[in-house]
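Under this note's numbering, residues 95 to 288 are what the sequence shown spells out, in order.
Note that CB positions come from ideal geometry on N, CA and C, so glycine has one too.
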Amino acid sequence: MSIYRNIKQAVSVPQAAAHYGIHVDRSGKCCCLFHQDKHPSMKLNDDYYYCFGCQAKGDVISLTEKLFDLTPREAAQKLAADFGLAPSETLKQAAVKKAANRAEKDEREYVLSLLNKNIDILRQMKENHAPKHPDEPFHVLFVEACKYLEFFQYVSDVLSFGHSADVEAAMKYIKKTQMIPLLEKVLEVKKCRN
Ligand SMILES: [Zn+2]
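Quick look at the structure:
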């Protein structure tokens, strides 16, 4: 099981021994946990321990099992908890979630940049078609610009400053109403005209 492998990779036998208060001498030996041992005869290597007295041998998990009288699974859980390691599944889920968050953030930033460019265009349009006299009828482009400008600014504000639930709802709405291709199209048309 990969949880065992992850723990064995993350925690060496001497690290666990030190953490659990086993006295280790300068040659990396301690008194054996598996037989009555007056002089240190258990050698702690990084990956395994070995007793020169009783030939007991094992890894960091079996060491922890013996120390605390646990099953292998319990020992692995204890090591994971004591050394701040998440079980591999949790790590995998966290990585997937991180990637999803990343993609969501990228998408939000993309929509925001589209919105802001459209807002600039609409502002220009509004200015260009604004009535010059109080009795002049409104130009259709002026009316359209005002309408969309207000809406786009609102959406842009939500995406920039909204609570995560509002941002999520806004993004859902944007996708549902196919707003992204529309926003892209306006920019393309604008580019062709310039
Ligand atoms: Zn021994």
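Cβ separation of residue i and residue j, assumed to be a contact under 8 Å, to the nearest whole Å
{"i": "V105", "j": "V154", "result": "5 Å"}
{"i": "A111", "j": "L138", "result": "6 Å"}
{"i": "D163", "j": "V107", "result": "Wrong, their Cβ atoms sit about 18 Å apart, outside the cutoff."}
{"i": "K160", "j": "L127", "result": "5 Å"}
{"i": "R202", "j": "L253", "result": "6 Å"}
{"i": "I215", "j": "K279", "result": "Not a contact, Cβ separation roughly 12 Å."}
{"i": "G147", "j": "D131", "result": "6 Å"}
Proximity test, residue i beta-carbon vs ligand 1 heavy atom, cut-off 8 Å
{"i": "A104", "result": "no"}
{"i": "C148", "result": "yes"}
{"i": "S135", "result": "yes"}
{"i": "C145", "result": "yes"}
{"i": "C126", "result": "yes"}
{"i": "D119", "result": "no"}
{"i": "D131", "result": "yes"}
Residue i in three-state terms, based on DSSP
{"i": "L206", "result": "helix"}
{"i": "K132", "result": "coil"}
{"i": "L277", "result": "helix"}
{"i": "K220", "result": "helix"}
{"i": "K226", "result": "coil"}
{"i": "C145", "result": "strand"}
{"i": "L164", "result": "coil"}
{"i": "L127", "result": "coil"}
{"i": "L179", "result": "coil"}
Beta-carbon proximity of residue i to residue j, cut-off 9 Å
{"i": "C125", "j": "H113", "result": "no"}
{"i": "L206", "j": "S258", "result": "no"}
{"i": "K211", "j": "F236", "result": "no"}
{"i": "H129", "j": "A150", "result": "yes"}
{"i": "Q109", "j": "F177", "result": "yes"}
{"i": "A197", "j": "H223", "result": "no"}
{"i": "L208", "j": "I274", "result": "yes"}
{"i": "C145", "j": "S135", "result": "yes"}
{"i": "L243", "j": "I268", "result": "no"}
Residue burial classification, residue i (beta-carbon count within 10 angstroms, cutoff 16)
{"i": "A264", "result": "buried"}
{"i": "L276", "result": "exposed"}
{"i": "K302", "result": "Residue 302 lies beyond the stretch modelled for the chain, which goes from 95 to 288, so this question has no answer here."}
{"i": "E230", "result": "exposed"}
{"i": "H194", "result": "The sequence shown places Ala at residue 194, not His. Exposed, because fewer than 16 other Cβ atoms sit within 10 Å of the Cβ of A194."}
{"i": "T158", "result": "buried"}
{"i": "F246", "result": "buried"}
{"i": "A174", "result": "buried"}
{"i": "K123", "result": "buried"}
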